[in-house]
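In my numbering, the protein residues as written are 197 to 472.
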């Protein structure tokens with residue numbers, strides 16, 4: 197206490213000057229509208245900056261929930277877009293009942309809880325399984341493009357055969373062409389895959405978009421994959437075609453699992469034809 201009193205006594209003139217300065221500034225602000233408005237604006241600017249930083253911090257903490265909400269909205273919208281009017285034939289007349297719909301695909305949201313991308317045979321694990329209607333051989337995508345195909349299933353979890361797996365083969369095509377190939381991975385760059393078996397008649401250019409071909413029962417046609425990064429032709433054939441993925445496969449958060457309701461019917465019909 198003695199030290200405080202000693203400090204105040206030694207600096208009494210400076211402290212008195214500060215008090216008088218503050219008092220003068222206060223009177224000036226209160227009696228002059230211009231100075232008052234400037235002070236209020238400055239205070240608002242400072243407090244606004246502080247509140248903005250606090251709000252940004254809160255938004256960062258809520259980012260996980262926001263991503264989950266956006267993923268759920270994407271799933272809902274994709275399911276809504278896949279509703280198709282069902283034609284009903286009665287008495288040799290074709291009529292359309294707008295109250296009845298048929299969905300070819302359904303989408304289920306999931307979160308990736310484990311992701312391998314540096315091995316030969318990479319897998320992801322998602323937090324949805326048979327209890328949520330997930331089974332094997334279902335396509336897995338996110339808002340940027342394809343991720344892989346479901347493999348092993350438990351009650352509440354599933355593994356996904358990543359497109360970064362040397363055993364992965366996915367039907368793919370050029371966006372503006374009907375020429376098809378097969379998507380594979382050469383175990384080099386985890387952001388680049390290869391398009392195989394594309395006929396030389398398919399004219400390609402650097403930057404062309406590659407999408408799913410829709411020739412399987414796993415992925416719908418037109419799901420984004422990436423763009424052609426580089427290619428080389430030898431003896432009238434494509435020696436290699438490298439595709440730069442839209443997805444950063446080292447950073448996958450929320451995904452959607454696609455179920456094709458016509459899959460069993462198509463497979464049964466194809467097996468029947470093969471055995472005849």
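Cβ atoms here follow ideal geometry from the backbone N, Cα and C, with glycine treated the same way.
Cβ distance (whole Å) where residue i is taken to contact residue j below 8 angstroms
i: residue 407; j: residue 369; result: 6 angstroms
i: residue 376; j: residue 409; result: 5 angstroms
i: residue 445; j: residue 387; result: 6 angstroms
i: residue 384; j: residue 316; result: With 8 angstroms as the limit, residue 384 and residue 316 do not qualify as a contact, their Cβ atoms being about 11 angstroms apart.
i: residue 349; j: residue 338; result: Actually they are not in contact, since the Cβ atoms of residue 349 and residue 338 sit about 20 angstroms apart, beyond 8 angstroms.
i: residue 311; j: residue 462; result: That belief does not hold up - the Cβ atoms of residue 311 and residue 462 are roughly 31 angstroms apart, past 8 angstroms.
i: residue 439; j: residue 419; result: No, residue 439 and residue 419 are not in contact; Cβ-Cβ is about 13 angstroms, not under 8 angstroms.
i: residue 441; j: residue 341; result: 7 angstroms
i: residue 346; j: residue 360; result: Wrong, their Cβ atoms sit about 15 angstroms apart, outside the cutoff.
i: residue 371; j: residue 405; result: 4 angstroms
DSSP beta-bridge partners of residue i
i: residue 370; result: 406
i: residue 450; result: 307
i: residue 439; result: 389, 424
i: residue 355; result: 321
i: residue 361; result: 317
i: residue 456; result: 301
i: residue 349; result: 354
i: residue 380; result: 390
Residue closest to residue i, alpha-carbon to alpha-carbon, out of the options
i: residue 452; options: 431, 211, 199, 266; result: 266
i: residue 443; options: 422, 404, 430; result: 422
i: residue 327; options: 343, 316, 306; result: 306
i: residue 314; options: 334, 371, 362; result: 362
i: residue 373; options: 398, 437, 379; result: 398
i: residue 450; options: 309, 468, 199, 347; result: 309
i: residue 270; options: 472, 467, 454, 200; result: 454
i: residue 437; options: 199, 351, 217, 403; result: 403
i: residue 351; options: 365, 364, 329; result: 329
Unbroken alpha helix (DSSP H) run spanning residue i, endpoints
i: residue 470; result: 459-471
The beta strand (DSSP E) enclosing residue i, as first and last residue numbers
i: residue 430; result: 420-430
i: residue 396; result: Unbroken run through residue 396: none, as it is neither H nor E.
i: residue 336; result: 335-338
i: residue 326; result: Element bounds for residue 326: n/a, residue is neither H nor E.
Sufficient close CB pairs (3 or more, under 8 angstroms) joining the region 308-328 to the region 349-360: yes
Touching by the beta-carbon criterion (3+ pairs, under 8 angstroms), the region 455-462 and the region 300-313: yes
Cβ pair count under 8 angstroms reaching 3, the region 393-400 against the region 409-419: no
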